[in-house]
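Numbering (full-length UniProt numbering), first residue to last: 1 to 151. Here is the structure we will look at, set down as structure tokens.
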């Protein structure tokens, strides 16, 4: 039985696709499944933002095959770990949880680096490519910690 992990941001085109690609590259695909979703519906079925794809490619990852999906309460049954990118997404996902066990699956991804500090991964959507590079670096460090902890 694989451990299933979900990365969540707002639109599922910038941060969570990068986090998905990064963590997938660091875990054994025989033991782990990694996906991503957004709390919003705007980009369901869409590829990641071209800037996320470019930053990933620059760093040796191909995330162009990913397609956006929207977070649903049923995902609490499907996934073992749910990592969210910021406080807004954290609150949205927790609001869909119906049990304490479901709530316990949800964690802010940067808690891996800054435990209990509730540090957000900034949304680079309205930023330059430099903002995407910065987000990539943050997520690379966080997903390394997650991979070490889960492996």
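Quick reminder that beta carbons are idealized off the backbone N, C-alpha and C, glycines included.
From the DSSP output, which residues share a beta bridge with residue i?
| i | result |
| --- | --- |
| residue 40 | Paired residues: none, contrary to the question. |
| residue 6 | 35 and 82 |
| residue 70 | 38 |
Suppose the cutoff is 6 Å on Cβ atoms and the five residues either side in sequence are ignored; what does the same chain contact list for residue i look like?
| i | result |
| --- | --- |
| residue 102 | 76 |
| residue 48 | 13, 17, 63 and 66 |
Does residue i come out as helix, strand or coil in the three-state DSSP assignment?
| i | result |
| --- | --- |
| residue 146 | helix |
| residue 30 | coil |
| residue 52 | helix |
| residue 239 | Given a span of 1 to 151 for the chain in the structure shown, any question on residue 239 remains unanswerable. |
| residue 131 | helix |
| residue 25 | helix |
| residue 61 | coil |
| residue 1 | coil |
Suppose the cutoff is 8 Å on Cβ atoms and the five residues either side in sequence are ignored; what does the same chain contact list for residue i look like?
| i | result |
| --- | --- |
| residue 3 | 31, 32, 33, 80, 81 and 150 |
| residue 43 | 11, 12, 13 and 68 |
| residue 20 | 7, 34, 35, 36, 63 and 66 |
| residue 145 | 112 and 113 |
| residue 129 | 51, 54 and 55 |
| residue 28 | 151 |
Grab me the residues of residue i's own chain with a C-beta within less than 7 Å of its C-beta, minus the 5 sequence neighbours each way, in chain order.
| i | result |
| --- | --- |
| residue 94 | 103 and 106 |
| residue 143 | 19, 22, 23 and 26 |
| residue 121 | 15, 85, 86, 109, 110, 135, 138 and 139 |
- request: Ignoring anything shorter than 3 residues or poking outside the region 78-128, list the beta strand (DSSP E) runs there in chain order.
  value: Counting whole runs of 3 or more residues, the region 78-128 contains the beta strand (DSSP E) stretches 81-84 and 106-108.
query: Do the region 81-95 and the region 53-60 meet, that is, are 3 or more Cβ pairs less than 8 Å apart?
result: Cβ pair count under 8 Å is below three, so no.
query: On the three-pair Cβ rule with 8 Å, is the region 66-76 touching the region 108-125?
result: No, the region 66-76 is not in contact with the region 108-125.
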